[in-house]
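S.K.:
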Amino acid sequence: MEPCRLSVDDRTIAGHAQDIRLRLYRPLIGLTVPALLYLHGGGFTSGSLEEAETAAAAIAESVPALVVSVGYSLAPAHCFPTAAHDAHQAALWTLAEARDLNIATGGLGVAGHDAGGHVAASLTFLARDQGEVDIRAQALLGPMLDPSLTRAGDAQAMQCDVPATAYARCYRAYLPDAAQRVHPYAAPLDSRRLAGLPPTLIVTAQKDVLRIEAEQYAANLIGAGVPTEVTRFPAISHAALPGHRPALLAVADFFRRRLSPADGRGVPV
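Note that the UniProt record's numbering has the sequence shown beginning at 1, numbered continuously upward.
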């Protein structure tokens, strides 16, 4: 499928603790399209809508879908669970604006890289437990899922670009209270309540200390009866994932299958 042209515009909405920015990527195809949120990486302490542009635009073009890139609040100024609640607010806003945004019915998707993968996973727990948002599919690229980092790989042996110690600093900023690190929304890998989560795609990089925990999360989801796919890309690093064209095409294909209307054509508007 050929990529489509996009319109891009920014919005500001009320977040959990402060106003947050959204950047909307809308396919110019004259049809209603599915919608999904994209959550940038940066270890909870950095990252931006600008840095997320490559991934968000590529997914919007290739599905095609309305992609809402979420500028969630960052730690240490805004700790857990602010980012997850910001994502929830963005999902509620997207659903409330569905008619004006020409969004097809049938629920939302969510995707995220690195800490954004953690926020995306947390959002699926929130959505399932609170019932206000219907998340139909999630795609996690090199997600941070285990604050204990007990399953992290050996950075030197795996030729990784980011060592586990760097992730430990990020978790300390986002989860300053040690008791928070066992909360199921903060530690998805250790959650025992995975039933009812949406179909999931886990995308990993060969040279990533987080690959082991991400693939273990996929196994846990499968064990809980959640339809789950895993795709590992060889010879690339954690940081390369959100700009790796084959990985983004895999994400787009997943959402196309999970979110698009059955006939694949959309609805004229």
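No residue lacks a Cβ here, since even glycine has one placed at the ideal position from N, Cα and C.
Values in this document were obtained by computation on a predicted structure and should not be read as measured data.
Three or more beta-carbon pairs under 8 Å between the segment 163-171 and the segment 189-198, yes or no?
M.R.: With the cut-off at 8 Å, the segment 163-171 and the segment 189-198 do not touch.
S.K.: So, with DSSP's three-state summary, where would you put I29?
M.R.: I29 falls in the coil class under three-state DSSP.
S.K.: First and last residue of the beta strand (DSSP E) that includes V67?
M.R.: Where V67 is concerned, the enclosing beta strand (DSSP E) stretches over L66 to G71.
S.K.: Just mark D154 as buried or exposed, buried being the case when its beta carbon has 16 or more other beta carbons within 10 Å.
M.R.: Exposed.
S.K.: Can you give me the Cβ contacts of A127 inside the same chain, cut-off strictly under 6 Å, excluding the 5 residues immediately before and after it?
M.R.: Hits under 6 Å: V133 and I135.
S.K.: Please classify A218: is it buried, with 16 or more other beta-carbons within 10 angstroms of its beta-carbon, or exposed?
M.R.: A218 is buried by the Cβ-count criterion.
S.K.: Cutting at 6 Å between CB atoms, please list the residues of its own chain near T54, excluding the five before and the five after it.
M.R.: Contacts found: G243.
S.K.: For my contact list, S62 and L249 are in at a C-beta cut-off of 8 Å; report their separation, rounded to the angstrom.
M.R.: Right, the Cβ-Cβ distance comes to about 6 Å (below 8 Å), so this counts as a contact.
S.K.: Determine the closest residue to L36 out of G43, P27 and T231, with distance taken between C-alpha atoms.
M.R.: Taking only the C-alpha atoms, the option nearest L36 is P27.
S.K.: Please go through the segment 64-147 and give each complete beta strand (DSSP E) segment of 3 or more residues, from N-terminal end onward.
M.R.: Within the segment 64-147, the complete beta strand (DSSP E) runs of at least 3 residues are 66-71, 103-113 and 135-141.
S.K.: Please report how far the alpha carbon of P76 lies from the alpha carbon of R192, in whole angstroms.
M.R.: Taking the straight line joining both Cα atoms gives about 28 Å.
S.K.: Pairs of beta-carbons, one from the segment 69-85 and one from the segment 173-180, closer than 8 Å: are there three or more?
M.R.: In short, these stretches touch, since the Cβ pair count reaches three.
S.K.: Less than 9 Å separating the beta-carbons of L66 and L24?
M.R.: Result yes, Cβ atoms of L66 and L24 sit closer than 9 Å.
S.K.: Note down, in chain order, each residue of its chain lying with its Cβ closer than 7 Å to the Cβ of P246, except the 5 sequence neighbours on either side.
M.R.: Only F233 meet the Cβ criterion.
S.K.: Using only alpha-carbon positions, find the residue among A157, Q159 and A137 that is nearest to R257.
M.R.: When each option's Cα is compared against that of R257, the closest is A137.
S.K.: Roughly how many angstroms lie between the CA atoms of A17 and R211, to the nearest whole one?
M.R.: Straight-line Cα distance between these residues: approximately 32 Å.
S.K.: Secondary structure at R232, three-state DSSP: helix, strand or coil?
M.R.: In this structure, R232 counts as strand in the three-state DSSP scheme.
S.K.: To which residues of the same chain is A139 closer than 6 Å at the C-beta, ignoring the five residues directly before and after it?
M.R.: If we look at A139 and ignore the five residues flanking it on each side, its Cβ neighbours are A111, L201, V251 and F254.
S.K.: Our contact map puts E213 next to L259 with C-beta atoms below 8 Å; I'd like the distance itself, whole angstroms only.
M.R.: The Cβ separation is near 26 Å, so there is no contact.
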